[in-house]
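> Following this message is one structure expressed as structure tokens.
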Amino acid sequence: GLVTTKEILRDAYQNHYAVGAFGAHNLEIIKAVIAGGEELGAPVILQTTPGTIKYVGINYMKAMAEAAAEVAKVPVALHLDHGDSYDTVIKCLRAGYTSVMIDGSTLPFAENINLVKKVVEAAHSAGVPVEAELGTIGGVEDDLVIEDVKALLTDPDAAEQFVKETNIDSFAPAFGTAHGMYKEEPKLAFDLLDDIYNRTDCPLVMHGASGVAAGSVQRALDFGVTKVNFSTELKDVFAEEIRRFFHEHPEQNDPRKVFVPARNRVTNLVKAKIDMLQGTCKV
Ligand code: 13P
Ligand code: ZN
Ligand code: NA
Numbered sequence: 002g003l004v005t006t007k008e009i010l011r012d013a014y015q016n017h018y019a020v021g022a023f024g025a026h027n028l029e030i031i032k033a034v035i036a037g038g039e040e041l042g043a044p045v046i047l048q049t050t051p052g053t054i055k056y057v058g059i060n061y062m063k064a065m066a067e068a069a070a071e072v073a074k075v076p077v078a079l080h081l082d083h084g085d086s087y088d089t090v091i092k093c094l095r096a097g098y099t100s101v102m103i104d105g106s107t108l109p110f111a112e113n114i115n116l117v118k119k120v121v122e123a124a125h126s127a128g129v130p131v132e133a134e135l136g137t138i139g140g141v142e143d144d145l146v147i148e149d150v151k152a153l154l155t156d157p158d159a160a161e162q163f164v165k166e167t168n169i170d171s172f173a174p175a176f177g178t179a180h181g182m183y184k185e186e187p188k189l190a191f192d193l194l195d196d197i198y199n200r201t202d203c204p205l206v207m208h209g210a211s212g213v214a215a216g217s218v219q220r221a222l223d224f225g226v227t228k229v230n231f232s233t234e235l236k237d238v239f240a241e242e243i244r245r246f247f248h249e250h251p252e253q254n255d256p257r258k259v260f261v262p263a264r265n266r267v268t269n270l271v272k273a274k275i276d277m278l279q280g281t282c283k284v
């Protein structure tokens, strides 16, 4: 069955490699992601935003992920990405998610802490680990739109206090990445990340990894980054392959044919990302 991200991430944190967390929007992408993990023998995290849950249906999502995990040859976790409220988290816990993120990053510091504490209490009593964010990651993630000027790097003092007081299981700092693709190669604040790594004892999460160069992602793994989130690039290759398919076969109507090349492209992308994340494994 599904495992929690706590089990997956603690090992990665101690051994300096990272696990890919992939935005899973439908059955095809779920199967594609798991196939990629299996081909490389790597655990995978399937993650869904509130927008995806609304589109798929929470019980369908849980059932598909559970069915996938049942036969997968690698550990699989089902994670709520950018949980938008306590209520959404509770729904995910009831549905059987094995990991949740609460995103209170747009709230004032004290309110963010209070919300995260409340979520941690509920999630931990269900045996489910919690990810939370401090600072503001720019870009567009579903209904979450943060203009670049409002993106704000995480303050390391605040990070230390935040992680200590909330008792979260993984921490997403803002250190220069953004959701979506980039106009130019982002400059990541590695000194800041190093500082946060030294002041916390908690697996760190890189959001917005689509479009970040492999070298930059791998450098972040030296500073405690253990979960790396990819969404936009998966959507891009999936859509690109469907467009190509219909260009070549405009009369095709069979879903069992239409999605096959798209699924394979996603698997190849997932493999490339996992390769990148395991490339600096020091054990
Ligand atoms: P990208 O869309 O840039 O890959 O970001 C994904 C993400 O951070 C999901 O939480
Ligand atoms: Zn994100
Ligand atoms: Na990105």
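So the number in the UniProt record's numbering is just where the residue sits in the sequence shown, counting from 1, plus 1.
The beta-carbon is built from N, C-alpha and C at its ideal position, and this holds for glycine as well.
Just so it is clear, the structure is predicted and the values come from calculations on it, not from any experiment.
Name all residues in chain order for which at least one heavy atom of the ligand NA lies closer than 5 Å to the residue's CB.
After applying the 5 Å Cβ criterion, the set is Gly209, Ser211, Gly212.
> Just to confirm, is the Cβ distance from Leu3 to Val77 under 7 Å?
Cβ distance < 7 Å, so Leu3 and Val77 count as in contact.
> Check each candidate in Gly140, Asn199, Leu135 and name the one with the smallest Cα separation from Ile169.
Nearest C-alpha to Ile169: Leu135.
> Report buried or exposed for Ala160, applying the criterion of at least 16 other Cβ atoms within 10 angstroms of its Cβ.
Buried.
> Is Ser217 near Leu189, with beta carbons less than 7 Å apart?
Contact flag set, yes.
> Tell me which residues share the same chain as Thr137 and place their Cβ nearer than 8 Å to its Cβ, disregarding the 5 neighbours each side in the sequence.
Result list for Thr137: Ser106, Thr107, Ile147, Lys151, Ala152, Leu153, Ala175, in chain order.
> For Ile31, I'd like the list of residues in its chain whose CB is within less than 7 Å of its CB, leaving aside the five on either flank, ordered along the chain.
Correct list, in chain order: Ala25, Leu47, Met65, Ala66, Ala69.
> Using 8 Å as the cut-off, can you tell me whether the stretch 251-258 makes contact with the stretch 40-60, which would need three or more C-beta pairs spanning the two stretches below that distance?
Not touching, per the Cβ criterion.
> Closest to Phe191 by CA distance: which of Val20, Gly225, Asn265, Glu112 is it?
When each option's Cα is compared against that of Phe191, the closest is Gly225.
> With a CB to CB cut of under 6 Å and the five nearest residues on each side skipped, what residues in its chain are close to Pro51?
Contacts found: Asp85, Thr89.
> Taking 6 Å as the cut-off, is the beta-carbon of Ser232 closer than that to any non-hydrogen atom of the ligand 13P?
Ser232 Cβ: within cutoff of the ligand 13P.
> For Asn113, which three-state DSSP category applies?
Of the three classes helix, strand and coil, the one that applies to Asn113 here is helix, per DSSP.
> If I follow the unbroken alpha helix (DSSP H) through Asn60, where does it start and stop?
Note, Asn60: alpha helix (DSSP H), 59-72.
> Ends of the beta strand (DSSP E) at Gly84?
First-last of the beta strand (DSSP E) with Gly84: 77-84.
> Using a Cβ-based criterion (distance less than 6 Å to any ligand heavy atom), does Asp255 qualify as near the ligand 13P?
Checking every heavy atom of the ligand 13P against the Cβ of Asp255, none is found closer than 6 Å.
> Among the residues of its own chain, which have a CB less than 6 Å from the CB of Gln279, if the five just before and after it don't count?
Counting only Cβ-Cβ distances below 6 Å, and skipping sequence neighbours, we find Tyr18.
> Alpha carbon to alpha carbon, what distance is there between Val261 and Val101?
Each residue's alpha carbon lies about 30 Å from the other.
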